[in-house]
Amino acid sequence: MTELQRFIEKTCATYGGNGQCLLDRPCIYFKGSGRCSYAENAVIPGDAKIERKYRLERGAKLAGDYCESCQSPYKRKSNRQKYCPPCSKEEERKKKNYRNRKYRMTVS
Numbered sequence: 001m002t003e004l005q006r007f008i009e010k011t012c013a014t015y016g017g018n019g020q021c022l023l024d025r026p027c028i029y030f031k032g033s034g035r036c037s038y039a040e041n042a043v044i045p046g047d048a049k050i051e052r053k054y055r056l057e058r059g060a061k062l063a064g065d066y067c068e069s070c071q072s073p074y075k076r077k078s079n080r081q082k083y084c085p086p087c088s089k090e091e092e093r094k095k096k097n098y099r100n101r102k103y104r105m106t107v108s
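Position 103 of the sequence shown, counting from 1, maps to 103 under full-length UniProt numbering, and the rest follow consecutively.
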């Protein structure tokens, strides 16, 4: 079961269980193809990460900038910024550790 299917199963008001929709048809997301306007407009926007993955799978261009690490939207302060502020600190810590580890290997 994909992440999208688990999300639809937990949060969609029209999901009836066993891959069925309460609209008297199989759920499109469990059948494998198609689009459901209710899910696209009301359910999927509830989770930014899933919405971004869904839109990218469908070939849509997204407005705004998304963190490369956590996929959450953020406002860029420069054109080279890749991470949101919380992830930026974590990534800088990882890079610093890597540089120091590499330096210690060459010195000793």
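Positions of the beta carbon are idealized from the N, C-alpha and C atoms, including for glycine.
Query                                                                                                            : Result
Per-residue burial, A13 [other beta carbons within 10 Å of its own, 16 or more giving buried]                    : exposed
Y98 - containing alpha helix (DSSP H), residue span                                                              : P85 to V107
C-alpha distance - Y15 paired with E91, whole-angstrom precision                                                 : 39 Å
Unbroken beta strand (DSSP E) run spanning G16, endpoints                                                        : Y15 to G17
Local Cβ density within 10 Å of V43, reported as buried at 16 or more and exposed below that                     : buried
Nonlocal neighbours in the same chain, by C-beta distance under 6 Å from E51, ignoring five residues either side : I44 and P45
Cβ separation of D65 and R76, assumed to be a contact under 8 Å, to the nearest whole Å                          : 5 Å
When G59, N41 and K89 are compared against C70, the one with the closest alpha-carbon                            : K89
In DSSP terms, what C21 is bridged to                                                                            : Y15 and R25
Contacting residues, own chain, Cβ-Cβ under 6 Å from L22 (five flanking each side not counted)                   : T14 and G16
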